[in-house]
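Asker: Quick note: the sequence shown uses this note's numbering, first residue 340, plus one each step.
Every residue gets a Cβ at the ideal spot worked out from N, C-alpha and C, and that includes glycine.
This structure is a prediction, so every number in the text was calculated from the model and none was measured.
This is the structure I want to talk about, given as structure tokens.
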Amino acid sequence: MAEEHGQVVEDDAKERDPEREARRRLALAQIRQYPDPALRLHAAEVEAFDDDLRRLSERMLRLMTEASGIGLAATQVGVLRRLFVCRLGEEDAEDLRAFVNPVVSSAGEERETEEEGCLSLQGVLLPVERPARLTLEARDLSGEPVQVELEGLDARVVQHELDHLDGVLILDRTTDEARREALAKLRPRPQLAGRA
Ligand SMILES: [Zn+2]
């Protein structure tokens, strides 16, 4: 999930320092972009809590941070395993987490609609309605069970990332009108004749 909201994106881009912007672009280039078919695939349960899993999680946290995102799922880097990383909490008390084999064990009845971005759908923000509170159960990188109760943006981020593990994108969760507009923006631009 991308952190950027609306008009702020434009202003931020101008103010970003060039080195950080270059790192952001490099990170985004390593994240699958719509309509990459990997984004539509279902990830399999993780069975081995080994060094490979830890390395994958470290790489994903680095890419997420460099791309200025607040969440990244394994399917977004082409790995079909049930793992996502995210940043929970406030910016001054940020908590970088990795959740393996996550499930929402309970969700409150109250639902909220907010605009969401996605590191795999650059330049679009879509209104998405989701439960405002939930309990997430998962494993940590060592295979130990973890349970967290989340609300607000934190609850939204984990639901967004969990969707990725099932091949679901915010395009599937928004209004018909917003989807039409987003697809028009995401349509690949025709190559200019004579361009290498
Ligand atoms: Zn996303």
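In whole angstroms, what separates the C-alpha of Ser-444 from that of Val-424?
Answerer: Roughly 18 Å between the two C-alpha positions.
Asker: With a threshold of 7 Å (Cβ to nearest heavy atom), would Ser-459 be considered close to ligand 1?
Answerer: For ligand 1, at least one heavy atom lies less than 7 Å from the Cβ of Ser-459.
Asker: Below 8 Å CB to CB, which residues in the same chain sit around Gln-369 once its five sequence neighbours on both sides are set aside?
Answerer: For Gln-369, where only same-chain residues beyond five positions count, the Cβ hits under 8 Å are Leu-402 and Val-416.
Asker: Compute the minimum distance between the beta carbon of His-503 and the heavy atoms of ligand 1, and state whether it is under 7 Å.
Answerer: Yes, since a heavy atom of ligand 1 falls inside the 7 Å radius drawn around the Cβ of His-503.
Asker: Roughly how many angstroms lie between the CA atoms of Leu-510 and Ala-432, to the nearest whole one?
Answerer: Looking at the two C-alpha atoms, the distance is approximately 31 Å.
Asker: Could you have a look at Asp-502 and say whether DSSP puts it in helix, strand or coil?
Answerer: Of the three classes helix, strand and coil, the one that applies to Asp-502 here is helix, per DSSP.
Asker: Looking at Leu-475: is its Cβ nearer than 8 Å to the Cβ of Val-439?
Answerer: No, these two residues do not count as a Cβ contact at 8 Å.
Asker: In the DSSP assignment, the alpha helix (DSSP H) including Leu-525 goes from what residue to what residue?
Answerer: First-last of the alpha helix (DSSP H) with Leu-525: 515-525.
Asker: Give me the Cα-Cα distance between Gly-447 and Arg-512, rounded to the nearest whole angstrom.
Answerer: Answer to the nearest angstrom: the Cα atoms are 18 Å apart.
Asker: Bridge partners of Asp-391, per DSSP?
Answerer: Answer is none; Asp-391 lacks a bridge partner.
Asker: Pick helix, strand or coil for Gln-369, following the three-state DSSP scheme.
Answerer: In the structure shown, Gln-369 sits in coil (DSSP, three-state: anything other than H, G, I, E or B).
Asker: With distances taken Cα to Cα, identify the nearest neighbour of Val-467 among Asp-515, Val-487 and Pro-441.
Answerer: Residue Asp-515 is the option with its Cα nearest to Val-467.
Asker: Can you list, in chain order, the stretches of the alpha helix (DSSP H) that have 4 or more residues and sit fully within the region 452-481?
Answerer: Qualifying alpha helix (DSSP H) stretches: none in this window.
Asker: For Arg-426, which residues in the same chain have their Cβ closer than 6 Å to its Cβ, ignoring the five residues on either side in sequence?
Answerer: So the qualifying residues of the chain are Ile-409, Glu-433 and Leu-435.
Asker: Give the straight-line distance between the Cα atoms of Val-442 and Arg-355, rounded to the nearest whole angstrom.
Answerer: In a straight line, the C-alpha of Val-442 is about 36 Å away from that of Arg-355.
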